[in-house]
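Chains as they are written, first to last, in this note's numbering: chain A, 1 to 114; chain B, 1 to 114. To start, the structure itself, in structure tokens.
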């Protein structure tokens, strides 16, 4: 069964450092997303991406965040200068040919900023 | 903006009993409602979804009902088993949203006791 894969599973970084979280969406999907989940809280939308550009972003997704699809398979989230409050689980998701179809999530990357 | 409220936050049932989790949404333009199951350390897994043109959908032991007038939808799990223990999230997507942004509820931690 096709699945969304994320690497690394856990990343520890020092405050102020840049991190790149990587995702391989399901191969025939066209819509890509990043969500985050702070420990014990609800899943929050960060950004959606379609046709090589951002479709929508939340207020969380400020200038420190960027996304990229550098090739035909990877989808990345970059945090330029990490803050302690960026510590969370980050989930990548993808959905098919229409935006309101089922979104499938990866297993997540746990980011710890120290 | 859209808001999704989910109750209860925790639910404990005996194996074999039924479990019901309820969500309400605020945006009357919402037309897609998925439910996700999240096991410890894993990403959200889509288990069932419903669109606004139907009132009920069933898949084996899992069913979802939707009341558009009252703007609420519920997840029903019958004959619960210990492996149903997890955190369950409801979500909503508005037809006015072009970016595919899912709004999640706060989650319900279901515990099924053998």
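Glycine included, C-beta positions come from ideal geometry on N, C-alpha and C.
query	result
Helix, strand or coil for residue 85 of chain A? Go by DSSP, reduced to three states.	helix
Taking 8 angstroms as the threshold (beta carbon to beta carbon), is residue 101 of chain B in contact with chain A?	yes
Give, in chain order, every unbroken run of the alpha helix (DSSP H) that is at least 4 residues long and sits entirely within the region 42–91 of chain B.	none
For residue 78 of chain A, decide whether its Cβ has a neighbour in chain B, counting only Cβ atoms nearer than 8 angstroms.	no
Rank B:70, B:68, B:69, B:90 by C-alpha distance to the C-alpha of residue 76 of chain B and give the top, closest one.	B:90
Looking only at DSSP bridge pairs, what is residue 110 of chain A linked to?	A:10, A:89
Among A:81, A:50, A:110, which one has its Cα closest to the Cα of residue 69 of chain A?	A:50
Is there at least one Cβ from chain B nearer than 8 angstroms to residue 31 of chain A's Cβ?	yes
When you compare each of B:111, B:110, B:38, B:103 to residue 47 of chain A by their alpha carbons, which one comes out closest?	B:103
Do residue 59 of chain B and residue 50 of chain B have their beta-carbon atoms positioned less than 8 angstroms apart in this structure?	no
Between the region 69–87 of chain B and the region 30–41 of chain B, are three or more C-beta pairs nearer than 8 angstroms?	yes
Taking its Cβ as the centre, do 16 or more other Cβ atoms sit within 10 Å of residue 84 of chain A, making it buried, or is it exposed?	exposed
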